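Sequence positions in the sequence shown follow mature numbering (1 follows the signal peptide of the UniProt record, and there is no 0) and run -18 to -1, 1 to 259. The next block holds one structure in the form of structure tokens; read it before the comments.
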Amino acid sequence: MKYAIQLILMVLTLSVLSACGQPASTEVSPITVLMYHHFHEDAAQESSVTMQPERFRDQLETLKEAGYTSISERDLYEHLYNGKELPERPLVITIDDGYESNYEYAYPILEELEMYATIYVVTSYRGETPGVSPHFDWGQAREMVESGWIDIQNHTHDGHYYVETTQDEGPFMTNKMLVDGIEETEEEYRERIYQDLKQAKELIETEIGNEVYSFTYPFGAFNETVIDVSTELGHSIMYTVREGVNTSDTNPYELNRINADGSYSGEDLLKVIEKYH
């Protein structure tokens, strides 16, 4: 009996020592990246890419309450390339295009909730209204960046539209366009997208003073040439519009995002995210 008791105590002691020597968890939480575009107070404007500011607030507050922690684009970069440890349930917020509504509505909410976001701008649209909705200017961009909660990164200089091709039309970044009825050569196509991304990168770095290392593909369209040109120019993180979450092993040139639909309540968005966890 005495031997049996000693054996039990030894097993228990070894179990405790083993547990103390191990990390609490060896699993890395999936990295959720959200995609937003435009904000509008009018509920009639609600769509897959346009949402009311209060719905934006509801989504972010719900995710915070569910244990998601906002991380910056730089945090993500440091994790993917240098192994930086991330919090449980890391959340990356991306906003495409650079509408003035980002400055007017999203920025104050993000600042209030102390959550990071990266806005990917079409640089030729700064302070302009290329469609029906105005885009913020460089002064507003600098103000947001100086807050510490907003980063500005690349979404092309003037490459967010469809070009004429031999097959009809297709995204600027991934198609050889027709020039006076003649299709570009491979060299001309590559040079065109190289110059566009280079101009955008240089403009952001000049106007904002930050490093441009991240890029969102317009329309989610990319190919090997786009990836090659982007990396040549110093982009290390690129986002698609493919729905899903990411892990430490996800290709950093093809990161997934979840579209935060304008019709989603906070609980709706949480359910969409949780199905990938």
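The C-beta atom is built at its ideal place from N, Cα and C for all residues, glycine as well. Note that this is a predicted model, so its numbers are computed, not measured.
Cα atoms of residue 56 and residue 162: separation of roughly 43 Å, rounded to the nearest angstrom. Short of 8 Å from the beta carbon of residue 176, and not among the five residues preceding or following it, lie these beta carbons of its own chain, in chain order: 211, 214 and 215. Counting C-beta pairs closer than 8 Å gives three or more between the stretch 91 to 109 and the stretch 67 to 78, which meets the contact rule. Using a Cβ distance threshold of 7 Å, residue 198 and residue 137 count as a contacting pair. Shown here, residue 117 sits in a strand according to DSSP, grouped into three states. Here DSSP, grouped into helix, strand and coil, assigns residue 192 to coil.
Ranking 218, 238 and 89 by CA distance to the CA of residue 225 puts 238 first. In this structure the stretch 153 to 172 lies against the stretch 190 to 209, because at least three pairs of beta carbons, one per stretch, are closer than 8 Å. Residue 53 carries a coil assignment under DSSP once its states are collapsed to helix, strand and coil. For the 7 Å CB-CB criterion, residue 11 and residue 70 form a contact.
In the displayed model, residue 215 falls within coil according to three-state DSSP, outside both helix and strand.
Secondary structure at residue 104: coil, using DSSP grouped into helix, strand and coil. A distance below 7 Å separates the beta carbons of residue 39 and residue 91. The beta carbon of residue 220 sits closer than 8 Å to the beta carbons of 196, 197, 198, 199, 204, 209, 212, 234, 235, 236 and 237 from its chain, once the five residues preceding and following it are set aside; these are given in chain order. Distance from the CA of residue 51 to the CA of residue 93, rounded to the nearest whole angstrom, comes to 14 Å.
Taking residue 117 as the centre and dropping the five residues before and after it, the same chain places the C-beta of 79, 80, 81, 82, 103, 104, 107, 108, 109, 110 and 111 closer than 8 Å to its C-beta, in chain order. Counting only runs of 3 or more residues that sit fully inside the stretch 108 to 184, the beta strand (DSSP E) segments are 132 to 136, 144 to 147 and 150 to 153, in chain order. As the crow flies, the alpha-carbon of residue 20 is around 31 Å from that of residue 160. For residue 72, the closest of 88, 63, 48 and 85 by C-alpha to C-alpha distance is 48.
The alpha carbon of residue 248 has as its nearest neighbour, out of 166, 181, 41 and 28, the alpha carbon of 41. For residue 74, the secondary structure class from DSSP, reduced to helix, strand or coil, is strand.
By the criterion of a C-beta distance shorter than 7 Å, residue 28 is surrounded in its chain by 34, 244 and 245, once the five residues flanking it on both sides are discounted.
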